[in-house]
Each structure stands twice: as structure tokens, then as C-alpha cells.
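**Student:**
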Amino acid sequence: GNYIAISDYRRRQLSRLLRIPRHSIRVVPDGIDIWGLLRISPRVKDFARRQRLLLADLVMIFPSRILRRKNFEMGMLITKELKKKGLSVRFLLTGPPDVHNPATRAYFRELKRLQRSENLRKEVIFLAEEYPEWKSGVSDEELHSLYHLSDILLITSSQEGFGIPLIEAGAMRLPVACTDLPSLLEVAGRETLVFSLDDAPRKVARSIVRFVESLPPHRFFRRVIRTYAWDVIFEKHLRPLAGK
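In UniProt numbering, the protein residues as written are 1 to 244.
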């Protein structure tokens, strides 16, 4: 028969008790309902499952409407460099283009061309294209859920008067990487990763990896959701058993 233990420690105990080899006992860890624990909204839960956010190495988010001064192309090129490092990365852009503004529609088309030319269809996700309800933007509840599932807030703006997303991220204990604009530095203080608009995307990508890896609580967060979320346990452990 098949033997299952919830940890390697229990597997060793069971092996001694039953006098069977350890390799004949499969470890299937206990887990948590990550969606319920973090109060993830239904639509974000569906989105996260489709995009496999729980299994990503790095999820970055930039909550903003599509405006040229947000400089999204820099974030997309940073994403490209992270992908080249072998990371499974997602860059979530939450806002839609303004349908009444020809300039923002043109900018959005430029971003879509960049997404295609740099082969970032999987990595760069325009949320306005995911659901009809998101064509006008995500709700506050949904943004809260997206923050919970992200590893870092990435702000690449070339102009800003303030930095509301930085405050939101700080309140959510979400790490922040942002450009060194005076308005953002005034909000961010010394607790964030700051980079220059002139920095090469490769340099910023390296800095982001080092920054996130330097935060033990956040490393543990990613380990937990990649290992102990019930969705992941089912895919990694239970589905193979059911197929036997």
C-alpha cells in the first residue's frame, strides 16, 4: 500500500515503526487555504490560479492607469532582465488606458508592441485585458488582494507629485522599489530600494533580486505560498497520487 507522512521527521518515525524503507513513504505536507487566510477576492483568486502566481519566483505590481509619465517600458525591460536570469516573473499593470485620450491609447499600443517584441506576453500582464470588469480598473478590494500576492511594488515613473501606492505598500508590508524622484523619496525614506531613471534595466533587476532576497520574512512568505498552499500541495503531491 501507499504510506504518507506529513513531514520528513514523521516519515523517519514511521519507517522505524513499520520497519519499511523511507523511500516507500511519501511526504505530503499539511497546508493552508492561502486564499481564505489572505482574504483574496474571487476574481483575483481566479486570475492568480490562471497565471500561476503562487509558483512564481517574483511578482511585481505597478498600480496605475496607463500614462506615459509612468514609464512602464522601463519596468517591462527590467522584467525582461529578470526573465533572462531564469526567474519565473510576473509584472502586473493594474490600470487601463483612457479610452477618451488618444495619447494614452497610442502609448498603450507602444507597450503592447514592446510586450510582443521582447517576448513578454506571459510575464507582463495588463489586467485590463483579463476580465471585462477590469477594463475600467480593479476595485479597492481586488487591489488589496493583488498586493497580498505580490513580492514588490515597482514604480518606474519619470514624473510624480506624490506616491500613494508607496504608502499603501508600506501599510501592507510590501517591499518597494522606485525611481529617485524627490516626491517619491519624500514618501519612501530609506526603507525602499531606489534607482535612477538612467540606470540600466539589468542593473535594476540585479538590485531587485538582492533587495528581496535580503528580507527574511519575505523569503519565507514566498517559500510558504510555493510549498504549503493547498493548491500547490494538490498539484505537486495529491494529483500524482490520484493518477495512480
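Ideal Cβ positions, reconstructed from N, Cα and C, are used throughout, including at glycine. Small disclaimer: the values here were computed from a predicted structure and weren't measured.
Out of curiosity, what's the CA-to-CA distance linking I152 and L17?
**Tutor:** By one-based count along the sequence shown, residue 152 stands at place 152. By one-based count along the sequence shown, residue 17 stands at place 17. Taking the straight line from one Cα to the other gives about 46 angstroms.
**Student:** Give the single residue among A5, R116, R210 whose Cα lies nearest to the Cα of V27.
**Tutor:** The residue you call residue 27 lines up with position 27 of the sequence shown. It is A5 whose Cα lies nearest to the Cα of V27.
**Student:** For chain D, is any of its Cβ atoms less than 8 angstroms away from the one on A169?
**Tutor:** No chain D is present in this structure, which holds just one protein chain.
**Student:** Scan the UniProt domain "Glycosyl transferase family 1" (55-191) and note each continuous beta strand (DSSP E) run of 3 residues or more that stays entirely inside, going in chain order.
**Tutor:** If we require 3 residues or more, the beta strand (DSSP E) runs fully inside the UniProt domain "Glycosyl transferase family 1" (55-191) come out as 58-62, 89-93, 124-126, 152-155, 176-179.
**Student:** Can you round the beta-carbon distance between F91 and I125 to whole angstroms, since I take them to be within the 8 angstroms contact cut?
**Tutor:** Residue mapping note: residue 91 aligns to position 91 of the sequence shown, counting from 1. Residue mapping note: residue 125 aligns to position 125 of the sequence shown, counting from 1. Confirmed, Cβ separation roughly 7 angstroms.
**Student:** Check whether the Cβ atoms of V89 and E123 lie closer than 8 angstroms to each other.
**Tutor:** As a working note, residue 89 is residue 89 in the sequence shown. As a working note, residue 123 is residue 123 in the sequence shown. Closer than 8 angstroms, so yes.
**Student:** Taking C-alpha atoms, which residue in T156, A200, R206 lies nearest to S183?
**Tutor:** Reading the sequence shown from its first residue, position 183 is the one you call residue 183. The option with the nearest alpha carbon to S183 is T156.
**Student:** By the three-class DSSP mapping on this structure, what secondary structure does A242 have?
**Tutor:** Residue numbering aside, residue 242 sits at position 242 when the sequence shown is read from its first letter. Of the three classes helix, strand and coil, the one that applies to A242 here is helix, per DSSP.
**Student:** How long is the line joining the alpha carbons of F62 and Y228, rounded to whole angstroms?
**Tutor:** On the sequence shown, position 62 is the one that residue 62 refers to. On the sequence shown, position 228 is the one that residue 228 refers to. Computed Cα separation, rounded: 27 angstroms.
**Student:** Which value, in whole angstroms, describes the spacing of the CA atoms of L181 and Q159?
**Tutor:** The residue you call residue 181 lines up with position 181 of the sequence shown. The residue you call residue 159 lines up with position 159 of the sequence shown. Whole-angstrom Cα-Cα distance: 7 angstroms.
**Student:** To the nearest angstrom, report how far apart K135 and K83 are at their CA atoms.
**Tutor:** The count along the sequence shown starts at 1 and reaches residue 135 at position 135. The count along the sequence shown starts at 1 and reaches residue 83 at position 83. Cα to Cα, the separation comes out at about 27 angstroms.
**Student:** Identify the residues that DSSP records as bridge partners of Y228: which are they?
**Tutor:** Counting from 1 along the sequence shown, the entry for residue 228 is found at position 228. BP columns for Y228 are empty, so no partner.
**Student:** Following the continuous alpha helix (DSSP H) through A48, name the residue where it begins and the one where it ends.
**Tutor:** Along the sequence shown, one-based indexing puts residue 48 at 48. Its alpha helix (DSSP H) spans residues 42-51.
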